[in-house]
DNA sequence: CCGCATCCCTATAGATACTG
DNA sequence: CAGTATCTATAGGGATGCGG
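Residue numbers (our numbering), protein chains in the order written: chain P, 7 to 147; chain X, 7 to 147.
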């Protein structure tokens, strides 16, 4: 039995609310892996370059699931494996993540995703819309 | 003497880089107060409804300053008071914060800023551009 | 062995009281 | 006004466990 670790809302401010849940260093990285790399399993998340600890990963996946950002199902191929997929509520975070990508690409010493930046620059709104559509399609299959 | 608390970069990923610095529950709220409420002083930040602790505020202001997101100057009116203002690097985070506002407004039980949402919906890119211009003007005065 | 969870211990975040 | 000091709670790293 898992306790659902509810979100404690500090104020009515929408920014504050967003940070109440996503204001940590790991949660959005999991969503990134799902959105951009199509990852769906615990093991795949573990392999990301930032090296998330197993307990943190389990905790965040649980929180994401119990708050409706991802759904957890048993893998059809492997009964002892779980598949995590984005919900629409999770997909709705794409614009936030993309803006973070843009900002990070501009200011990180490591540079950023030049390809993505070029596409975004030409028509950001369209890119967001199209990518959202793609993600939604992916979860229907 | 203050240690500059450098950012430890977990990977080359721009999203990860953004989270390395802004992946906490308070830093962006300070920027929110500066952007949307025009706050400029320690005392004003303390009064926000989320009730930030004094040591956290001091810590975050120090980090924001030493990393070039805000600048700290002595108040012209009151020599024993400091004035914090956004830099261009800080202003560049506006799109991220606005997307968080949009997301939070959509999903927070408390609802959100309906006015802002309406404006953003009609032309998001223009709104961001105009507001950025306003913020830049503000720091030149 | 792999996928996932738990335990333990340290480091950091954060609340409250206090100070130059 | 603008912080520090001190103390406690929580996040997080690494090892370990356990079932297939």
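Ideal Cβ placement from N, Cα and C applies to all residues, glycine included.
Cross-chain neighbours of residue i in chain P, by beta carbon under 8 Å
i: residue 21 (chain X); result: 34, 35, 38, 103, 106, 107 and 110
i: residue 72 (chain X); result: Here the premise fails: no neighbours, minimum Cβ distance about 15 Å.
i: residue 26 (chain X); result: 31
i: residue 95 (chain X); result: 113
i: residue 128 (chain X); result: Within chain P, no residue comes near residue 128 (chain X); the closest Cβ sits about 12 Å away, beyond 8 Å.
6 Å CB neighbourhood of residue i in its chain, flanking five on each side removed
i: residue 50 (chain P); result: none
i: residue 5 (chain X); result: The structure shown does not extend to residue 5 (chain X), since chain X spans only 7 to 147, so no value can be given for it.
Within chain X, the residues that residue i reaches when beta carbons sit closer than 8 Å
i: residue 66 (chain P); result: Within 8 Å Cβ-Cβ: nothing; residue 66 (chain P) doesn't reach chain X, min ~12 Å.
i: residue 47 (chain P); result: Within chain X, no residue comes near residue 47 (chain P); the closest Cβ sits about 20 Å away, beyond 8 Å.
i: residue 99 (chain P); result: 109
Cut-off 8 Å between Cβ atoms - residues of its own chain near residue i, not counting five sequence neighbours on either side
i: residue 7 (chain P); result: With a pLDDT of only 35 at residue 7 (chain P), under 50, the local geometry of the prediction cannot be trusted, and the value read off the model is given with reservation. If we look at residue 7 (chain P) and ignore the five residues flanking it on each side, it has no Cβ neighbours.
i: residue 40 (chain X); result: 46, 76, 90, 91, 92 and 96
i: residue 100 (chain P); result: 41, 134, 137, 138 and 141
Under 7 Å by beta carbon: chain P residues contacting residue i
i: residue 119 (chain X); result: 20
CB-CB length for residue i against residue j, believed under 8 Å
i: residue 28 (chain P); j: residue 35 (chain P); result: With a Cβ gap of about 11 Å, residue 28 (chain P) and residue 35 (chain P) do not count as contacting.
i: residue 32 (chain P); j: residue 98 (chain X); result: No, residue 32 (chain P) and residue 98 (chain X) are not in contact; Cβ-Cβ is about 24 Å, not under 8 Å.
i: residue 105 (chain P); j: residue 102 (chain X); result: 4 Å
i: residue 52 (chain X); j: residue 60 (chain X); result: 7 Å
i: residue 20 (chain X); j: residue 114 (chain P); result: 5 Å
i: residue 133 (chain P); j: residue 126 (chain P); result: 5 Å
i: residue 38 (chain P); j: residue 26 (chain P); result: Not quite, the Cβ-Cβ distance comes to about 20 Å (not below 8 Å), so this is no contact.
Sequence-distant residues of its chain with Cβ nearer than 7 Å to residue i (five each side left out)
i: residue 91 (chain X); result: 46, 76, 77 and 145
i: residue 93 (chain X); result: 74, 75, 76 and 77
i: residue 87 (chain X); result: 47 and 81
Under 9 Å by beta carbon: chain X residues contacting residue i
i: residue 144 (chain P); result: Result: empty, since nearest Cβ-Cβ is about 19 Å, beyond 9 Å.
i: residue 50 (chain P); result: By Cβ distance, chain X contributes nothing, its closest Cβ being about 15 Å from residue 50 (chain P), past 9 Å.
i: residue 116 (chain P); result: 15, 17, 18, 19, 20 and 23
Residue i, DSSP secondary structure in three states
i: residue 150 (chain X); result: As displayed, chain X neither begins before 7 nor continues past 147, which places residue 150 (chain X) out of reach and without an answer.
i: residue 7 (chain P); result: Its pLDDT being 35, under 50, residue 7 (chain P) is placed unreliably by the model, and the measurement read from it follows with that caveat. Here residue 7 (chain P) sits in coil by DSSP.
Within chain P, the residues that residue i reaches when beta carbons sit closer than 9 Å
i: residue 77 (chain X); result: Within chain P, no residue comes near residue 77 (chain X); the closest Cβ sits about 16 Å away, beyond 9 Å.
i: residue 55 (chain X); result: 16, 17, 18, 19 and 22
i: residue 131 (chain X); result: 130 and 131
*Please go through the region 62-140 of chain X and give each complete beta strand (DSSP E) segment of 3 or more residues, from N-terminal end onward.*
DSSP runs (the beta strand (DSSP E)) wholly in the region 62-140 of chain X: 76-80 and 88-92.
*Taking only runs of the alpha helix (DSSP H) that begin and end inside the region 23-65 of chain X, which ones reach a length of at least 4 residues, in chain order?*
For the region 23-65 of chain X, whole alpha helix (DSSP H) runs of length 4 or above, ordered along the chain, are 33-43 and 48-52.
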